[in-house]
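Chemist: Offset between the sequence shown (1-based) and the working numbering: plus 157. The C-beta atom is built at its ideal place from N, Cα and C for all residues, glycine as well. Quantities reported herein were computed from a predicted structural model and do not represent experimental measurements. Would you mind keeping the following structure in view while I ask a few things?
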Amino acid sequence: MAAAAATSPARAAAWAFAAATCVKLLLVPTYRSTDFDVHRYWLALTHALPARRWYTDASSQWTLDYPPFFAYFSRLLALPAPLVDASLVSLPVPDAPPSFAYLLYLRLTVAFSDLLLLLSSVLLLATDALTRRRRRPFLSLALVLWSPALLAVDHVHFQYNGFLMGLLLLSLHFLEQGRDLAGGVVFAALLCSKHLFLVAAPVYFVYLFRHYCCGRGVVRGLGRLVLMGAGVAAVFAAAFVPFLYYGQMQQLFNRLFPFGRGLCHAYWAPNFWVFYILLDKILAFLLRRLGFNIQIPEASFTGGLVGNSSPFAVLPKVTPITTFLLVILAMSPCLMKAFSKPQPRHIIRWVSYATTCGFMFGWHVHEKASLHFTIPLALIAMDSLEDAKHYFVLSIVSCYSLFPLLFENQEYPIKVMLLLTYATLMWVGFSSHFAAKSPQEGKKVNESGSVVRKNSFIGWISFSYLLGIVAIELWSQVFHRYVFGSRFPFLPLIMVSLYCGVGMMYSWMWQLTWIVRH
């Protein structure tokens, strides 16, 4: 009986992963972004050139701008490539479109690297030995592996976020189990693979310092601090010492932190800065109408805000240090909680909130960064009805905000069906799960204004907001061209960013409120 119970999560995970893999194989011939060309070049670069030339080579516009561990990962993926197509790892990369074998190989490397996400999810799904909580429901695993946002970004658009999220979840698993040293070392490996996870570093530092090092006596505490520091330092040394030896650290850090790119990406991520930009535009318009001489910067609604500056007509210019301070300020309630009462059972929430702060207030944020908090939050979405309602709205908003990434007509039914299928899965799964709770719990939920019938579990405000997404999509796909023709091509993107920004602000405030109250 115990053995059957132990293997049940693994069997369920294998089934869920197999189903997701079938979908990924169907997505092989779909649209691929320039990120495909980027990773295609990185495979060839790391295979054909020695490590000393990885961060100095400028023969292509797709220069390597990820930390060394990801470069090693690319080299590992490139090892079997000559057996499939020698042009996969040859420099210069051919200009001709890739063959089907070429395309299939790269697509399969993404699917293969998702095995780490599967492993981490299964470990987090299993019973928590530290808190002796019940095993997380299978639906939590399905929400991770079947995430439409992850499928769209990795297996259509083309990236390796599943592998990176697997590292993050593995680190969180170790922390939940009280294995802090292993959790810190794995997180260090994640930072050496993708530096954008640095936004979670303050939470990790405070939590590990208080939970692993403090409260155990001075001598033992110092010993643990030295041990943790040595483990993390060893990981960073393995990543960066070779390039320190080559005298390339300045070049490497310039690649990793290109602050000249500007405050926002070409497509504005749905965060706080969308509202800041919009307020600046409104104030400039009103002041010009009142007779003030306001110079309008070249970057506009129709051109996007991208480049080597962040121009504003009225409001103060935003600098990288400003965004850094805002992120730390927004994160401070979480840091205080982690310092005053470090609890392993809250670590997923704290890290998710930290990455949410980075998404909302960070510099040059990509819309794809919402995966950094939506994937971990999926694991705790069924901890309570309030968590489920929050995740239901957040996951839909996050996925819809990625729709502009897949802009070709043939991918439109795919992204819509992925989102609708996932929303249906959540609706049925959450409604059934919480409707099966005790009548007393259902009564309490009803008193708070929520509906716990099997066919409905969200309030009218959330439902109305989600219906607004349908209206935004109808305007973007149908009515915009009839009203404006070819004018204002950036307007639909602004509407998506702004409307999804409302949902993201709600999620940030909801997470903040939960952390403060608990």
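Which class does C421 belong to by DSSP, given the choice of helix, strand or coil?
Modeler: Strand.
Chemist: What residue does the alpha helix (DSSP H) around Q452 start on, and which one ends it?
Modeler: From DSSP, Q452 is part of no alpha helix (DSSP H); its letter is neither H nor E.
Chemist: Starting from P550 and walking both ways along the alpha helix (DSSP H), at which residues does that stretch end?
Modeler: Reading off the sequence shown, one finds Val at residue 550, where the question assumed Pro. From DSSP, the alpha helix (DSSP H) with V550 extends over 542-558.
Chemist: Quickly, what does DSSP pair V522 with across the bridge? List them, please.
Modeler: DSSP, once it has assigned bridges, lists C421 as partnering V522.
Chemist: Could you work out which residue in H529, H312, I629, V554 is closest to A357 when comparing CA atoms only?
Modeler: Checked all of H529, H312, I629, V554; the closest Cα to A357 is H529.
Chemist: Give the straight-line distance between the Cα atoms of Y364 and T531, rounded to the nearest whole angstrom.
Modeler: Between Y364 and T531, the C-alpha separation is close to 21 angstroms.
Chemist: Touch check for the stretch 386-404 and the stretch 549-557: three-plus C-beta pairs under 8 angstroms?
Modeler: These segments do not touch.
Chemist: Give me the Cβ distance between F362 and V343, rounded to the nearest whole Å; I'm assuming they're in contact under 8 angstroms.
Modeler: So it is not a contact: roughly 15 angstroms between Cβ atoms.
Chemist: Can you say whether P415 is buried or exposed, counting buried as having 16 or more other CB atoms within 10 angstroms of its CB?
Modeler: The residue in question, P415, is exposed, as its Cβ has fewer than 16 Cβ neighbours within 10 Å.
Chemist: Note down the Cα distance separating F320 from D271, rounded to an integer number of angstroms.
Modeler: So the two alpha carbons sit approximately 5 angstroms from each other.
Chemist: According to DSSP, is T513 helix, strand or coil?
Modeler: Correct three-state label for T513: helix.
Chemist: Taking T220 as the reference, give the member of P239, Y198, L326, L347 with the closest Cα.
Modeler: Of the listed residues, the one whose Cα sits closest to T220 is Y198.
Chemist: Where does Q452 land, buried or exposed, given buried means 16+ other C-beta within 10 angstroms?
Modeler: Exposed.
Chemist: Would you say P427 and S654 are within 7 angstroms of each other, going by their C-beta atoms?
Modeler: Yes, Cβ-Cβ distance for P427 and S654 is below 7 angstroms.
Chemist: Quick one: grab the DSSP three-state call for M661.
Modeler: DSSP places M661 in helix when its eight states are reduced to three.
Chemist: Look at the Cβ atom of F620, then the Cβ atom of L542, and state whether they are nearer than 7 angstroms.
Modeler: Against a cut-off of 7 angstroms, the Cβ pair of L542 and F620 comes out as no contact.
Chemist: Determine the burial state of L318: buried for a count of at least 16 other Cβ atoms within 10 Å of its Cβ, exposed for fewer.
Modeler: At residue 318 the sequence reads Asn, which differs from the Leu that was named. Per the 10 Å Cβ criterion, buried.
Chemist: Check this for me: beta carbons of L248 and A208, under 7 angstroms apart or not?
Modeler: No. Outside cutoff.
Chemist: In the DSSP assignment, find the unbroken alpha helix (DSSP H) run with F637 in it and report its ends.
Modeler: What sits at residue 637 in the sequence shown is His, not Phe. Here the alpha helix (DSSP H) through H637 covers 637-641.
Chemist: Which one of A470, M322, F226 has the shortest CA to CA distance from A535?
Modeler: The shortest C-alpha separation from A535 is found at M322.
Chemist: When the distance is taken between beta carbons, is V475 closer than 7 angstroms to F518?
Modeler: No, Cβ-Cβ distance for F518 and V475 is not below 7 angstroms.
Chemist: On the premise that R232 lies in contact with T266, defined as a C-beta separation below 8 angstroms, what is that separation, rounded to the nearest angstrom?
Modeler: Contact doesn't hold; Cβ gap of about 12 angstroms is too wide.
Chemist: Using 8 angstroms as the threshold, is the stretch 580-589 in touch with the stretch 504-515, meaning 3 or more CB pairs across them?
Modeler: Judged by Cβ distances under 8 angstroms, the stretch 580-589 makes no contact with the stretch 504-515, as fewer than three pairs qualify.
Chemist: Rounded to the nearest angstrom, what separates G625 and V310 at their Cα positions?
Modeler: Roughly 24 angstroms separates the two Cα atoms.
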